[in-house]
Amino acid sequence: MITTKQRAYLRKLGQTTDALYQIGKNGIIETTIETLDAALTARELIKITVLETSPVSPKEAMAELMEKLNCEAVQVIGRKVTIYRPNPEKPQITLPR
0 MITTKQRAYL RKLGQTTDAL YQIGKNGIIE TTIETLDAAL TARELIKITV
50 LETSPVSPKE AMAELMEKLN CEAVQVIGRK VTIYRPNPEK PQITLPR
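Per numbering that gives the first Met the number 0, the sequence shown starts with residue 0, numbered consecutively.
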């Protein structure tokens, strides 16, 4: 669980991050989960675009990703979702206390 201060810090980092992944008309499928899992392990903080054609809303996508990937919600703005999961072996982002 991250604190409000940590979430604000992650939002700040997420502003300069481009959305590298998309959830499209197939919704959240197994290959999407595998790709995002690998991305979270490598990057820790990722931004995802939920396309208009997606069967899930951005908030629904956030909830499903949090459940399946064991990650933290950073923010949802419009159709962009930002999530965070620390890498237990090699942490790249140092969170404030």
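Glycine included, every Cβ here is placed at the ideal spot set by N, Cα and C.
Fill in: Whole beta strand (DSSP E) elements within the stretch 62-92, 3-residue minimum
71-76 and 79-83
Practice prompt. From the DSSP output, read off the bridge partner residues of Leu-44.
Written response: Tyr-83
Discussion item. Rounding to the nearest angstrom, what Cα-Cα distance links Glu-33 and Val-80 in this structure?
Written reply: 17 Å
Worksheet item: Tell me, which residues are paired with Ile-22 by DSSP?
Response: Val-49
Worksheet item: If you count every other CB in all the chains shown that lies within 10 Å of the CB of Ala-60, and 16 or more means buried, which is it?
Response: buried
Fill in: Candidates Tyr-83, Leu-64 and Glu-88, of which the one nearest Lys-11 by Cα
Tyr-83
Worksheet item: Taking Cβ positions, are Thr-15 and Ile-45 nearer each other than 9 Å?
Response: no
Worksheet item: In its own chain, which residues sit with a C-beta less than 6 Å from the C-beta of Lys-24, not counting the 5 before and 5 after it?
Response: Thr-52
Worksheet item: Leaving out the 5 sequence neighbours to the left and right, which residues in its chain are closer than 8 Å to Val-55 when beta-carbon positions are compared?
Response: Ile-22, Gly-26, Ile-27, Val-49 and Glu-63
Discussion item. Could you compute how far the alpha carbon of Ala-72 sits from the alpha carbon of Arg-6?
Written reply: 8 Å
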